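**Q** Just passing along the structure, written as structure tokens.
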DNA sequence: TTATTTAATCGTAATATTGCGATTAAATGG
DNA sequence: CCATTTAATCGCAATATTACGATTAAATAA
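Protein chains in written order, with the working numbering: chain A, 245 to 355; chain B, 245 to 355.
Right, here's the structure in full:
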């Protein structure tokens with residue numbers, strides 16, 4: 245045991261959970277915000293900015309890459325990453341699809 | 245090592261990451277969708293519906309409770325859970341705040 | 001009172017994640 | 001060619017998560 249039982253859930257549920265999981269670490273949130281902020285999408289700075297080891301940053305970048313949230317282009321000896329705009333938009337839509345399923349009911353609140 | 249270095253990040257980054265993490269499991273996505281679908285917020289059904297053990301469901305419910313995403317009221321011998329509408333709304337806003345930071349740039353796409 | 005039902009919690013095993021030093025690979029600069 | 005720079009990957013240790021059987025606690029039904 246210990247492994248997620250993905251077979252019990254729909255593809256959509258697993259996909260959304262995987263996306264949420266990839267946002268579920270402050271370093272990855274910070275990386276994405278940094279990429280949004282800096283127009284040049286330079287990543288060498290991330291190690292400096294975030295204070296995590298180079299190997300750790302690289303690992304987080306891979307997690308985001310595997311979800312197709314970011315991609316990188318080689319620029320000389322370094323690599324420039326940035327957010328995949330189409331994916332970003334689709335993530336936003338998927339999350340809002342979940343959020344908007346809930347009919348903010350004023351009348352019958354149990355919380 | 246192995247523990248997230250939360251001290252390197254802002255409160256907002258850690259909070260958003262924690263929220264994302266709590267959505268980062270298909271069972272918890274399924275639980276939330278079930279709560280949205282069923283008007284009565286009955287939870288005993290969840291064990292039946294999802295096919296996970298009772299202890300496991302209870303653990304996922306606790307994770308959502310700890311983030312204040314859901315809360316439960318005792319109804320006789322069983323417990324009725326539902327989504328916290330205010331929190332739900334604030335989560336939606338927090339995520340969209342992140343999503344909308346990105347200026348969907350058509351001109352300079354590296355992906 | 002004593003069963004029964006329901007869900008939380010405990011304890012534990014399996015697996016995943018996080019973090020980093022060390023190494024590797026690839027490109028640049030001399 | 002060789003040194004340097006940059007980032008990916010490897011290997012490992014520490015920690016977290018997932019899952020579930022067993023137990024517990026609380027409410028109901030008899």
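In this text, a Cβ means the ideal position worked out from N, Cα and C, and glycines have one as well. For clarity, every value in this text was computed on a predicted model and none was experimentally measured.
Which of the three DSSP states is assigned to residue 282 (chain B) in this structure?
**A** By one-based count along the second chain, residue 282 (chain B) stands at place 38. Note: residue 282 (chain B) maps to coil in three-state DSSP.
**Q** Looking only at C-alpha atoms, which of A:266, A:252 and A:293 sits nearest to residue 297 (chain B)?
**A** Residue mapping note: residue 297 (chain B) aligns to position 53 of the second chain, counting from 1. Among A:266, A:252 and A:293, the Cα nearest to that of residue 297 (chain B) is on A:252.
**Q** Is the CB-CB distance between residue 269 (chain A) and residue 261 (chain B) below 7 Å?
**A** If you number the first chain from 1, residue 269 (chain A) lands on position 25. If you number the second chain from 1, residue 261 (chain B) lands on position 17. Contact flag set, yes.
**Q** Assuming residue 316 (chain A) is part of the alpha helix (DSSP H), what are its boundary residues?
**A** For this step, residue 316 (chain A) is matched to residue 72 along the first chain. Careful: residue 316 (chain A) lies outside any alpha helix (DSSP H), inside the beta strand (DSSP E) at 314-319.
**Q** Does residue 327 (chain A) come out as helix, strand or coil in the three-state DSSP assignment?
**A** Locating residue 327 (chain A) in the first chain gives position 83, where the first residue counts as 1. If DSSP states are grouped into helix, strand and coil, residue 327 (chain A) belongs with the strands.
**Q** Do you know whose CA, among A:266, A:287 and A:354, lies nearest residue 317 (chain A)'s CA?
**A** Here residue 317 (chain A) is taken as the residue at index 73 of the first chain, counted from 1. Answer by Cα proximity: A:287.
**Q** Indicate whether residue 355 (chain A) and residue 315 (chain B) have their beta-carbon atoms separated by less than 7 Å.
**A** Numbered from its first residue, the first chain carries residue 355 (chain A) at position 111. Numbered from its first residue, the second chain carries residue 315 (chain B) at position 71. A contact, by the Cβ cut-off of 7 Å.
**Q** Can you name the residues of chain A whose CB is closer than 7 Å to the CB of residue 268 (chain B)?
**A** Within the second chain, numbered from 1, the residue matching residue 268 (chain B) stands at position 24. Under the 7 Å cutoff, chain A gives 261, 264, 265 and 268.
**Q** How far does the alpha helix (DSSP H) with residue 265 (chain A) in it extend, from its first residue to its last?
**A** Residue 265 (chain A) sits at position 21 when you count from the first residue of the first chain. Counting along the chain, the alpha helix (DSSP H) containing residue 265 (chain A) begins and ends at 255-266.
**Q** Going by the beta-carbon positions, is the gap between residue 331 (chain A) and residue 344 (chain A) smaller than 7 Å?
**A** Translated into the one-based positions of the first chain, residue 331 (chain A) becomes position 87. Translated into the one-based positions of the first chain, residue 344 (chain A) becomes position 100. No, the pair does not count as a contact, with Cβ atoms beyond the cut-off.
**Q** In whole angstroms, give me the CA-to-CA distance for residue 303 (chain A) and residue 276 (chain A).
**A** Within the first chain, numbered from 1, the residue matching residue 303 (chain A) stands at position 59. Within the first chain, numbered from 1, the residue matching residue 276 (chain A) stands at position 32. Going from the Cα of residue 303 (chain A) to the Cα of residue 276 (chain A) covers about 14 Å.
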